[in-house]
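Chains as they are written, first to last, in our numbering: chain R, 210 to 520; chain E, 210 to 520; chain D, 210 to 520; chain C, 210 to 520; chain X, 210 to 520; chain W, 210 to 520. Note that CB positions come from ideal geometry on N, CA and C, so glycine has one too. Owing to the predicted nature of the structure, the values given are computational and were not obtained by experimental measurement. Presented below is the structure to which this report refers.
Number of protein chains: 6
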Amino acid sequence: MTRGPLDGMKVPRFAGPATFARLPTRAEVEKVDVGILGLPYDNGVTYRPGARFGPSGIRQASRLLRPYHPGLDVSPFEPRQVADCGDVACTPFDIPQALAEIEAGVAELLATGARVVALGGDHTIALPMLRAVREQLGSPVALVHFDAHLDTWDAHFGQRYTHGSPFRRAAEEKLFDSDRSLHVGIRGPIFGPGDLAADAELGFRIIDCTQVAERGPAWTAERIRERLGEGPVYISIDIDVLDPAFAPGTGTPEAGGLSSRELLQVLRGLKGLRLASSDLVEVAPAYDHAEVTGIAAAHLVYELLGLMAAE
Amino acid sequence: MTRGPLDGMKVPRFAGPATFARLPTRAEVEKVDVGILGLPYDNGVTYRPGARFGPSGIRQASRLLRPYHPGLDVSPFEPRQVADCGDVACTPFDIPQALAEIEAGVAELLATGARVVALGGDHTIALPMLRAVREQLGSPVALVHFDAHLDTWDAHFGQRYTHGSPFRRAAEEKLFDSDRSLHVGIRGPIFGPGDLAADAELGFRIIDCTQVAERGPAWTAERIRERLGEGPVYISIDIDVLDPAFAPGTGTPEAGGLSSRELLQVLRGLKGLRLASSDLVEVAPAYDHAEVTGIAAAHLVYELLGLMAAE
Amino acid sequence: MTRGPLDGMKVPRFAGPATFARLPTRAEVEKVDVGILGLPYDNGVTYRPGARFGPSGIRQASRLLRPYHPGLDVSPFEPRQVADCGDVACTPFDIPQALAEIEAGVAELLATGARVVALGGDHTIALPMLRAVREQLGSPVALVHFDAHLDTWDAHFGQRYTHGSPFRRAAEEKLFDSDRSLHVGIRGPIFGPGDLAADAELGFRIIDCTQVAERGPAWTAERIRERLGEGPVYISIDIDVLDPAFAPGTGTPEAGGLSSRELLQVLRGLKGLRLASSDLVEVAPAYDHAEVTGIAAAHLVYELLGLMAAE
Amino acid sequence: MTRGPLDGMKVPRFAGPATFARLPTRAEVEKVDVGILGLPYDNGVTYRPGARFGPSGIRQASRLLRPYHPGLDVSPFEPRQVADCGDVACTPFDIPQALAEIEAGVAELLATGARVVALGGDHTIALPMLRAVREQLGSPVALVHFDAHLDTWDAHFGQRYTHGSPFRRAAEEKLFDSDRSLHVGIRGPIFGPGDLAADAELGFRIIDCTQVAERGPAWTAERIRERLGEGPVYISIDIDVLDPAFAPGTGTPEAGGLSSRELLQVLRGLKGLRLASSDLVEVAPAYDHAEVTGIAAAHLVYELLGLMAAE
Amino acid sequence: MTRGPLDGMKVPRFAGPATFARLPTRAEVEKVDVGILGLPYDNGVTYRPGARFGPSGIRQASRLLRPYHPGLDVSPFEPRQVADCGDVACTPFDIPQALAEIEAGVAELLATGARVVALGGDHTIALPMLRAVREQLGSPVALVHFDAHLDTWDAHFGQRYTHGSPFRRAAEEKLFDSDRSLHVGIRGPIFGPGDLAADAELGFRIIDCTQVAERGPAWTAERIRERLGEGPVYISIDIDVLDPAFAPGTGTPEAGGLSSRELLQVLRGLKGLRLASSDLVEVAPAYDHAEVTGIAAAHLVYELLGLMAAE
Amino acid sequence: MTRGPLDGMKVPRFAGPATFARLPTRAEVEKVDVGILGLPYDNGVTYRPGARFGPSGIRQASRLLRPYHPGLDVSPFEPRQVADCGDVACTPFDIPQALAEIEAGVAELLATGARVVALGGDHTIALPMLRAVREQLGSPVALVHFDAHLDTWDAHFGQRYTHGSPFRRAAEEKLFDSDRSLHVGIRGPIFGPGDLAADAELGFRIIDCTQVAERGPAWTAERIRERLGEGPVYISIDIDVLDPAFAPGTGTPEAGGLSSRELLQVLRGLKGLRLASSDLVEVAPAYDHAEVTGIAAAHLVYELLGLMAAE
C-alpha cells in the first residue's frame with residue numbers, strides 16, 4: 210500500500226516537511242515507483258541565473274496540491290508510490306563533472322525500477338536525464354519538448370553543454386527517437402533562419418506558440434500524440450514556454466507565450482501515453498512573485514504525475 | 210439626486226478619500242441604495258492569510274474607476290445611490306462571534322433597504338451574507354459562485370465554519386435555492402472523487418474552468434442564466450477563480466484559471482439579472498504586486514455595480 | 210553594410226552597453242535608417258508617474274532579443290541600419306517647453322532621413338512625434354493607436370497637453386488622416402457616453418478589446434489594414450492595452466486587457482504596411498516585476514522594427 | 210472633549226477608515242487643533258516621482274499607532290483635537306497654480322486656529338506651507354530642516370520652484386528667521402563647493418549626518434535647540450534624511466543616512482519647543498517595501514504630534 | 210557522536226533538505242539534545258498575519274549557516290545533538306485547542322530530555338512553551354523577553370490568549386520567576402501610561418530600546434545577567450525587536466528598533482547562562498524581502514544554539 | 210581638460226546614457242586616468258548567483274551622483290579623467306578561461322596608464338585584478354579587504370578558483386604584500402576555528418565587525434592606515450560587508466553587518482592613501498529592492514574615486 214502526502218486535514222498545508230506536495234521521502238517508503246528528484250544545477254544558463262533554487266522553490270509552492278485530479282480522474286499519488294527523493298548533489302563549478310554526477314544520481318534511482326520526475330535546474334539537465342533514461346530503457350524514447358526556445362544550438366562561448374544545447378547533444382548521442390520528437394510552444398527571436406533548418410535536420414518537428422494559440426490545446430495534444438506514436442515518452446518542460454505573466458521566475462523569458470491553462474490542457478490531452486521519465490526546468494525563484502511561477506510549476510508536475518497514474 | 214464619486218477632473222485620482230471609487234460615505238448621503246461594505250475577516254483561511262487587508266487594498270486600487278461603463282451602457286453610480294459604508298468591525302479571534310457580528314452588520318444595512326456588495330475578507334463571509342440576505346428577502350436567492358474551489362467541504366480540523374465550507378453550511382441552512390445554484394470556474398486538485406458527488410447532492414451544478422475556456426464567456430453567461438432562472442440572484446466571486454497571473458494576491462491560488470477579461474465578459478453577459486447582494490472575496494494584498502489583484506477586484510466590483518444599475 | 214547588435218556569442222547578453230538590444234549608438238554608425246529614441250518625459254500623467262524611467266527600463270529588458278524574427282522571416286536589424294539614438298533631453302517641469310524640446314529632438318533625427326521608434330515616456334509624447342512626422346512627410350499619416358484608453362479627452366485641470374489628450378490635439382492640428390485612423394484595444398470605464406461620440410467626431414474608429422478577444426488577432430489585423438488603407442502609417446502603442454497581468458508596470462492600468470501574444474500577433478498581421486515612425490509608451494518600471502512589462506515592451510518594439518524591415 | 214482615533218480594542222487596526230491613525234475627519238469634529246493635511250503633489254521632483262501617493266501611503270502605514278507615547282509621556286491625540294483634514298486638491302500639471310492651491314488650502318485650515326502637520330508630496334510643498342505659516346503668525350518662524358539635501362539650489366531647467374529650491378525661495382521671501390534656521394542630516398555628493406557657501410549666506414547652519422553619527426542624538430537635539438532659540442518653530446522632515454535601508458520609498462535616496470531610531474531620538478530631544486506647523490515629505494510608496502518607509506514616516510508624524518502635545 | 214548539518218563542501222548549500230541549517234531530522238538521530246521545533250501558528254495576531262509561514266521561511270533562510278561560531282568559540286551543532294524536529298501540527302481555527310496541541314507537542318519533546326528552540330508562529334506560542342518548560346523543570350525559569358512590545362496586555366476583543374498577552378498569562382500561571390524577568394528593546398506607542406505600571410506589577414523590569422542604543426550591547430547584556438541571576442533561563446525573541454529595516458517581515462512593526470548586530474551582540478554577551486528552552490517568533494515571510502528577516506532570524510537562532518553549546 | 214558626467218541641469222538624471230554616473234565612455238575621451246570597468250562574471254558563487262548583473266545594476270543606481278564630494282573636499286571626476294570603460298566580455302562557462310579574459314581586459318586598460326575601479330561580478334574577480342595590478346606595478350600592493358567573509362578558503366568541490374578563495378590564491382601567487390594586508394568587517398559563522406589560523410598564516414590581520422561597531426569608523430580607519438603603511442593600496446569591497454538591511458542584493462548575506470554610513474566613514478578616513486586599483490563586488494540586483502544595494506554600491510565607488518582624486 211502506498212503512502213501519500215501528509216493529510217491536509219491533520220497537518221495544515223503551511224506546516225510539515227518541505228518535500229514535494231509533502232510526500233514521504235525516499236527513506237520513508239519501501240519502494241519508489243515515481244521519484245521526484247531535485248537537480249539544483251544552473252551553470253548552463255546564458256542570461257539570468259538562479260534555477261539552482263528551482264527545486265526548493267517548486268517544493269515550497271507545491272504544499273497546496275490535493276490528492277485527487279478530477280480532470281484525469283486519477284489520484285496522482287496512487288496507486289504507485291511517489292516519493293520525494295531529495296536533490297542530487299553536484300558541483301556548481303565544473304560542467305562535465307556536474308553532468309556526470311547528475312547522470313549517476315538519476316541512474317541510481319532509475320535502477321531501482323523507479324521513474325523520475327526531475328525538478329530543474331536549468332535545461333542542461335535534460336541531457337543527463339536522457340542519457341540515464343536511454344540506458345535504463347535500452348532504446349531511445351519519444352520526446353516532446355515544451356519550450357519557447359529550440360535548445361538545439363551547438364555551443365556558447367565554446368561550451369557545448371549548456372541550457373541552449375541539450376537536445377542537439379541528445380540527438381547526436383541518439384538518446385531519443387528522432388522520428389518521434391517535437392518541440393511545442395516555440396516562439397520569439399532566434400539567431401538566424403538557419404536555426405530552424407538545423408533543428409529540423411535533427412528530426413524535430415515544431416508546433417509553435419502561434420499554432421497552439423490558433424488551434425487550441427485539444428488540437429495540439431492530438432498532433433503531439435500523432436508524432437509520438439507508440440512506446441515510452443519523455444516529456445521535458447521548460448517553464449518559459451509560459452508567458453512571463455504566468456512564469457516571471459525564469460531565466461530567459463520571452464513575451465507572448467502560453468498560459469498555464471493552455472499547457473495544463475495540452476498535457477491533460479496526452480492521457481494514456483506511456484511516460485518514461487520527465488523534467489520541469491528553468492524555475493528561478495529570485496524572479497518569482499507570490500510563488501506564481503512555483504505554483505504553475507507544481508501544477509505541471511502534478512499533471513505529469515497524473516499522466517503516469519492514468520496509464 | 211444621487212451623489213457620485215469625487216470628480217477626477219477636480220481632485221486628482223491619487224488624492225482624496227480612500228473610499229471605494231472615492232464614493233461618498235454612508236454618513237454623507239441621505240439614503241444608500243447600494244452599500245459597499247468591507248468585511249475584513251480572514252480567520253477562516255486554510256493557507257495564506259491576509260484577506261483581512263482585502264477591503265483596504267481593493268479600495269486603494271479602485272481610485273482609477275471612472276463613472277460610465279460603456280460595455281453595459283450604464284453609470285454604475287447612478288441612478289441609485291452607491292456609498293461606501295465602511296467596514297463591519299468583527300473580532301479576529303472567535304469564529305462564531307465574528308460571523309454573528311458580520312451578519313448583524315450586513316443585516317443592519319440591508320434593513321435600510323440597501324443592497325450590499327461586500328468586500329472580503331475570506332470566503333467564510335459568504336455565509337453571514339447569505340443569512341442576512343435570506344432574512345431580508347424572505348426566500349432563498351439563486352446563487353452563482355465563481356471560484357477555483359467548491360467551498361462545500363464539511364470541516365477542517367473540526368471547524369465547520371471556514372472558507373472551505375460556506376456553501377455547504379448555506380445549503381444546510383437553505384439560504385439559497387439549490388435548484389438555481391451553480392459554481393463557475395472550478396479547477397485544480399481536490400481531496401477525492403467524492404467531493405464532486407457530495408457537492409452535486411447539495412444541488413450545485415458546475416461550469417468548470419475548462420468549459421469556460423473552450424466555450425467562451427458568452428456561452429458561459431447563457432448557461433448561467435439558464436440555471437439561475439427568474440428571481441433575485443446572489444453573486445459570490447472568489448478572486449482565485451482568476452489565474453495567479455491575474456490575481457497573485459490571494460490565499461489559495463491554483464494554476465490554470467480564468468483571465469480577468471473572461472470573467473468580466475461573463476459578468477457582462479448577465480445583464481438584466483436581478484441582483485440581490487454580492488460579495489468579492491479572498492484578495493490578500495500582501496501577495497499582490499503593483500495592485501494587479503486589487504485592480505482586477507475593483508473592476509469586478511464595478512461590474513457588479515453596473516449589473517445592479519442595468520436592471 | 211549595417212552594424213547589428215553586439216554578438217551574444219561573443220559578449221554575454223547580461224554584459225555590454227545598455228542600448229536597445231545592445232545596438233550601436235548613433236555616433237557609432239554612419240547613417241541611421243531607424244533610430245530608437247528615448248523620450249523620458251512623464252509630466253503628462255494623471256495617476257501613477259514613473260514613465261520617465263521607461264526608456265532605461267525597456268533598454269535593460271531588451272538585452273535578450275536575438276537578430277532573426279522567424280514569424281516575419283526578417284532580420285529587424287538588417288538591411289536597414291538601426292541605432293540607439295539615446296534620449297531627448299527635455300525639462301521635467303514645463304509642459305510646453307518639454308513638448309517643443311521633444312519635437313525638436315525628433316525632427317532633427319527625422320531630418321537625417323531616419324524613421325523613429327520612440328520609447329516613452331507618457332502618451333503625451335505622441336503629439337510632438339506626430340507633429341514632427343507630419344512635418345517630415347508633408348502630409349498626414351494613417352494612425353493606429355493601441356490603448357485601453359481613447360486619449361482624446363480635452364483637458365485635465367485646465368491643461369490641454371496631457372497623456373489623456375494627444376490624439377485630440379493631433380486631430381485638431383490635422384497631424385494624421387482622420388479617415389485612416391483607429392483605436393484598438395479600448396476597454397474599461399470612461400467619463401460618460403459622450404466620450405465615444407466626441408471621439409468618433411474626430412474620425413476615429415474603434416476595435417475594442419472585446420472584439421479582439423472574440424474575433425482574434427487575424428481578424429483584427431485585417432480590419433486594421435482596411436481602415437489604414439494605402440500610404441504611410443504611424444503606430445502608437447500604449448503598453449496598458451495589455452492586461453495588468455502582462456504589463457503591471459504602467460500608470461493607468463485597467464483590468465481585462467489583451468495578452469502580449471494577442472498584440473504581437475496583431476502586429477505581425479500588419480506585415481507589408483509602410484511604417485512611418487512609431488512609439489511605445491507608458492512603461493513605468495517602478496511598478497514592474499522581474500521585467501515582465503519591460504520584456505513585453507521590448508518585444509513589441511522588436512515587432513515594429515520587424516515590420517519596418519519587412520516592407 | 211477631544212475625539213481620538215478609533216479604538217483598536219473595538220475595531221481591529223486593519224479595519225476602519227484610512228485616515229491617519231484612524232483619527233476622525235475634519236467633518237466629524239467641532240474644532241481642529243492640529244490638522245493632518247495631505248499634500249499629494251510631486252511635480253517638483255528631479256528624479257524618481259511618486260510622492261503624490263505619499264499621503265495615502267503614510268495613512269495606511271499609520272494604522273498601528275497607539276494613543277500613548279511613553280517616551281514623551283503624552284497622548285499625542287489629547288488634549289488637543291487632532292483630525293485628518295484630508296488632501297488639498299491641486300493640479301498635477303501647473304506648478305505656480307498648484308503652489309497657490311496648496312497655500313490656499315493650508316491657509317484656510319490655519320485660519321481656523323489649527324496647526325498643520327502636512328503629509329507630502331515632494332519638498333516643494335514646504336514653500337506654500339511656510340508662506341501660509343508666515344502669514345498666520347505675522348512673523349518668521351524658526352526652521353529646522355531634516356534632509357540629506359540642502360534644498361537651497363536656485364533652479365532646475367529654469368524652474369525656480371522645485372523640490373530642490375524651497376528653502377532658497379523661502380529665504381528670499383523672508384518666510385523664516387534666518388538666524389534661527391538649520392539643516393540636519395546633510396550628506397552625500399553636491400554640485401560644487403559653492404553650494405555650501407551659498408547656503409550659508411542664506412543664514413543656514415548645518416549639522417551634517419556625520420556629526421549626528423559621531424555625537425549622537427542628544428547632542429544633536431541640544432545643538433538644534435540652541436540654534437532655534439525661543440519662539441515658534443517649523444519642522445520640515447524629508448524622509449530621505451534616513452538611510453535608504455530605513456526609507457527605500459523615496460525619490461532621491463543617498464546612502465549613509467540616519468537610522469529611524471536616531472531621528473526619533475533627536476525629535477524627542479526637542480520636547481518643550483513650541484511647534485508652529487510641520488511637514489513630512491518625499492515618501493514615494495511605489496519604491497517602498499512592506500511599508501517600511503511608511504511606518505517610519507507615520508512614527509515621525511506621531512513624534513511631531515507628541516511634541517505639540519508636550520508643549 | 211553527534212551528527213551535524215549536511216556538509217556544504219559536499220552538497221551545495223542551495224541543495225539538500227529544507228531542515229534548519231540542513232540539520233538531520235529527529236528520525237535520523239538517536240537522541241535529540243536540542244530540538245528545533247516549528248510552531249506554525251498565527252491565530253493570535255492583531256494586525257498582519259502570516260507568521261504561520263515563519264518556520265518554513267526561517268528554515269529556508271538558514272541554509273547558509275556554517276558550523277563554527279568564532280564569536281563564542283563554539284560549534285553550536287556540537288557536542289550536543291541538534292536536530293530539526295519538524296512542526297507541531299495544530300489547528301488554525303481554535304485557540305484553546307491549538308495551545309493545547311502546541312503544549313503537548315513541546316512537552317513530548319522536552320520529555321525526551323531535549324531542550325527546544327521554537328520557531329514561531331506568533332508570540333502566543335510563548336505561553337504553551339513556558340507551560341511545558343515549567344512542567345519539565347518543576348520550577349519557574351528566569352525570563353528575558355526581547356520585543357518592541359510588552360505583550361502583557363490582558364485581552365483583545367475578549368480573547369485572553371493572543372500574541373499581546375502571553376506574558377500576562379504566564380505571570381498569572383507563575384510559569385516564570387517574576388523576580389528574574391525583564392523585557393529588552395521595548396519602544397513605540399502604547400495604549401496608556403497604565404500599561405507600564407501594570408507590567409511592572411507582574412514583576413517585569415524593562416531595558417528599553419533607547420537605553421540599549423545609548424549604553425550599548427555590552428552594558429545591556431550585563432544588566433540582563435544581573436536581573437536573571439542564577440538558574441535556567443528562557444529567552445523569547447520577537448523579531449520585531451529589530452527595526453523594520455532589519456526585519457520587514459513581521460506583523461506589528463514599529464520604527465526605531467535595534468539593529469541585527471546589536472541584538473546578536475547582546476545575546477553573545479549572555480554566554481555562560483544556562484538556557485532552558487527558547488523561542489523566536491513573529492517572522493512573517495510574506496512581508497520579507499530577499500530573506501532579510503529570515504536571515505536575521507536564522508542567525509539569532511544560531512546564536513541561541515551557540516549559547517547552549519557554550520554553557 | 211577632463212570631461213565629466215552629463216550635466217544634471219541639462220539632461221535630467223533619469224535620462225541619458227547608462228554609464229556609471231553618466232560619465233563619458235572610453236571612446237569619448239582622449240585618455241583615461243581612472244577607468245570604471247564592469248566584470249560581469251559570477252560563476253564563482255557558492256549560493257545565490259546573479260552578480261553578473263552587478264555592473265548594469267550599479268550603473269543604473271549611480272545616475273544620481275553629483276560631481277562634488279564635500280566630505281573629502283574633492284571632485285572625484287576631476288582633475289583626473291574618469292571614464293566608463295564598459296564591460297570585459299568573458300565566458301560564463303569556463304572558469305580558467307574567464308579569469309584569463311578578465312585579467313587580459315584589466316591589463317589592457319592598466320597598460321594605458323589608467324587605474325581601474327572594477328564593478329563585479331563575484332569576488333573571484335579580485336584575483337585577475339590583483340594579477341594585473343601586480344604586473345602593472347612590478348611589486349605587490351598593500352591590500353585592504355572589506356567583507357563579511359575571509360575569502361581565503363582553499364577549494365569548493367575541488368574548484369580552487371571561486372569567490373571563496375581569491376585571497377588565498379593571491380597570497381600563494383604573492384600578488385599583494387602580506388605584511389600590509391588585512392580584512393575588515395569579518396563576521397558570522399565559519400567552517401571551523403582552523404579557518405582563522407590558516408588565514409593568519411597568509412599574513413592577514415582582521416578588524417572584525419564587532420570591533421568596528423565598538424570602536425567606530427575613525428579608529429578603524431586609523432588602524433587600517435597603520436597596517437597598510439606606505440605605498441600603493443588595493444581596496445576590495447564585498448558589498449556583503451554591509452548588513453543585509455543595507456545590502457539585500459547580494460549572494461551570501463550574513464546578519465549583523467556594517468551600515469552604509471560606517472563603511473563610507475571608514476573609507477573617508479583613508480584620505481591620502483595612494484590607491485592603485487580597486488573593486489566592488491557581489492552586488493546581485495535580482496535580490497535588491499528599490500536599488501538600495503545599488504545605491505550603496507554606487508556611493509562606495511564614488512568614495513573610491515574621491516580617494517583617488519584626494520591623493
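Item	Value
With a threshold of 7 Å on Cβ separation, who are the neighbours of G403 of chain E within its own chain once the five nearest residues in sequence on each side are excluded?	none
Against chain X, does P349 of chain E count as a neighbour if the rule is that its beta carbon must be under 9 Å from one of theirs?	no
Compare the beta carbon distance of D447 of chain E and H332 of chain E with 9 Å and say whether it is the shorter of the two.	yes
Check the Cβ-Cβ distances between V490 of chain C and every residue of chain D, and say whether any is below 9 Å.	no
Assuming V393 of chain C is part of the beta strand (DSSP E), what are its boundary residues?	385-395
Contact check, T211 of chain X vs R268 of chain X under 8 Å by CB: the rounded distance?	20 Å between Cβ atoms; not a contact.
Within 10 angstroms of its Cβ, does D293 of chain X collect 16 or more other Cβ (buried), or is it exposed?	buried
For Y496 of chain X, which residues from the same chain have a beta carbon less than 6 Å from its beta carbon, with the 5 sequence-adjacent residues on both sides left out?	P457, G458
Can you look up H278 of chain X in the DSSP assignment and give me helix, strand or coil?	strand
In chain order, which continuous runs of the alpha helix (DSSP H) of length 4 or greater are located wholly inside the stretch 397-429 of chain D?	403-410, 418-424
Could I get the ranges of all uninterrupted alpha helix (DSSP H) runs contained in the stretch 325-375 of chain E, with 4 residues as the minimum, in chain order?	335-346
List, in chain order, every chain X residue whose beta-carbon is nearer than 8 Å to that of V220 of chain R.	D296, A298
Just verifying my parser: in three-state terms, what is the DSSP assignment at T234 of chain E?	strand
Measuring only the C-alpha atoms, how far is D363 of chain C from L319 of chain W?	41 Å
Measuring CB to CB, does Y443 of chain W end up less than 9 Å from L339 of chain W?	yes
Output needed for H372 of chain E: all residues of its chain with C-beta closer than 6 Å, excluding positions within five of it in sequence on either side, in chain order.	G253, V254, D331, H332, T333
Could you tell me the distance, in whole angstroms, from the CA atom of R434 of chain X to the CA atom of W428 of chain X?	10 Å
With three or more beta-carbon pairs closer than 8 Å as the criterion, would you say the stretch 219-231 of chain D touches the stretch 296-311 of chain D?	no
Identify the contact partners of D251 of chain W in chain R, using a Cβ-Cβ distance below 8 Å as the criterion.	P258
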